[in-house]
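Trainee: The sequence shown begins at 104 in our numbering and counts up by one.
Just so you know, even glycine gets a beta-carbon here, dropped at the ideal spot from N, CA and C.
Take this structure, written in structure tokens, and hold onto it; I'll ask about it next.
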Amino acid sequence: MSEISLNSSFEVYANLKEVISKFYDLFARGDLAAVSQMLHDDAVWIQMDGFPGGGTFKGREAIVQHVFKKLRGDWQNWRAVVERTYEAEGVVFVTGRYSGTNVHTLKTFTSDFVHVYEPEENRIKKFKQYTDTARIVQ
Numbered sequence: 104m105s106e107i108s109l110n111s112s113f114e115v116y117a118n119l120k121e122v123i124s125k126f127y128d129l130f131a132r133g134d135l136a137a138v139s140q141m142l143h144d145d146a147v148w149i150q151m152d153g154f155p156g157g158g159t160f161k162g163r164e165a166i167v168q169h170v171f172k173k174l175r176g177d178w179q180n181w182r183a184v185v186e187r188t189y190e191a192e193g194v195v196f197v198t199g200r201y202s203g204t205n206v207h208t209l210k211t212f213t214s215d216f217v218h219v220y221e222p223e224e225n226r227i228k229k230f231k232q233y234t235d236t237a238r239i240v241q
């Protein structure tokens with residue numbers, strides 16, 4: 104597999120799985136500026152209907168505003184903990200578990216997820232989420 108570099112930070116990754124791992128790390132640290140730079144300019148982000156802020160968002164700015172900032176504003180201790188990461192034919196699959204507390208209802212939840220990433224030009228070009236939305240909004 105060829106070496107992958109992230110142009111904005113000049114970091115070099117051995118494979119696509121490392122790029123996605125860095126993305127989760129940056130999000131967990133709350134570094135939305137760096138998270139934004141890992142998104143392709145015209146990225147597509149698809150969150151399941153029924154998920155808080157669910158829908159399809161196009162472009163880096165729309166994704167940051169309607170997905171990441173919304174999650175940070177509506178949830179305390181929001182976490183997306185990665186359990187496994189797989190790569191096949193240029194697509195990265197991540198399994199893990201969400202958890203958090205809604206700031207409005209103070210209800211907590213946990214729910215398993217699968218995330219599918221399609222990178223292009225060393226950035227995330229497309230994301231699609233699979234999770235049990237009913238566990239999150241109950």
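Out of curiosity, what's the CA-to-CA distance linking residue 234 and residue 137?
Mentor: If you take the alpha carbons of residue 234 and residue 137, they lie about 25 Å apart.
Trainee: Rounded to whole angstroms, what's the CA-CA distance from residue 239 to residue 232? Just pull it up for me.
Mentor: Cα-Cα distance, rounded: 14 Å.
Trainee: Between residue 216 and the rest of its own chain, which residues show a CB-CB distance below 6 Å, the 5 nearest in sequence each way excluded?
Mentor: Around residue 216: 199, 201, 234.
Trainee: With a cut-off of 8 Å on the beta carbons, I'd call residue 143 and residue 192 a contact; round off their distance for me.
Mentor: Not quite, the Cβ-Cβ distance comes to about 18 Å (not below 8 Å), so this is no contact.
Trainee: Of the choices 134, 133, 127, 149, whose alpha-carbon is the least far from that of residue 229?
Mentor: Residue 149 is the option with its Cα nearest to residue 229.
Trainee: Under 8 Å by Cβ, that's how I've got residue 119 and residue 190 pegged, so tell me the actual separation to the nearest angstrom.
Mentor: At roughly 5 Å, the Cβ-Cβ gap stays under 8 Å, so residue 119 and residue 190 are in contact.
Trainee: Evaluate residue 133 with the Cβ neighbour count: other Cβ atoms within 10 Å of its Cβ, from every protein chain shown; 16 or more gives buried, anything less gives exposed.
Mentor: Result: exposed.
Trainee: Rounded to whole angstroms, what's the CA-CA distance from residue 123 to residue 208? Just pull it up for me.
Mentor: If I take the Cα positions, the gap works out to 31 Å.
Trainee: Starting from the Cα of residue 293, find the closest Cα among 180, 179, 154 and give me that residue.
Mentor: Examination of residue 293 is not possible in this model, given that the chain is present from 104 through 241 alone.
Trainee: Quick one: measure Cβ to Cβ for residue 177 and residue 206, integer angstroms, because I've assumed they're closer than 8 Å.
Mentor: Contact holds; Cβ gap of about 6 Å.
Trainee: Compute the Euclidean distance between the alpha carbons of residue 147 and residue 165, then round it to the nearest angstrom.
Mentor: In a straight line, the C-alpha of residue 147 is about 9 Å away from that of residue 165.
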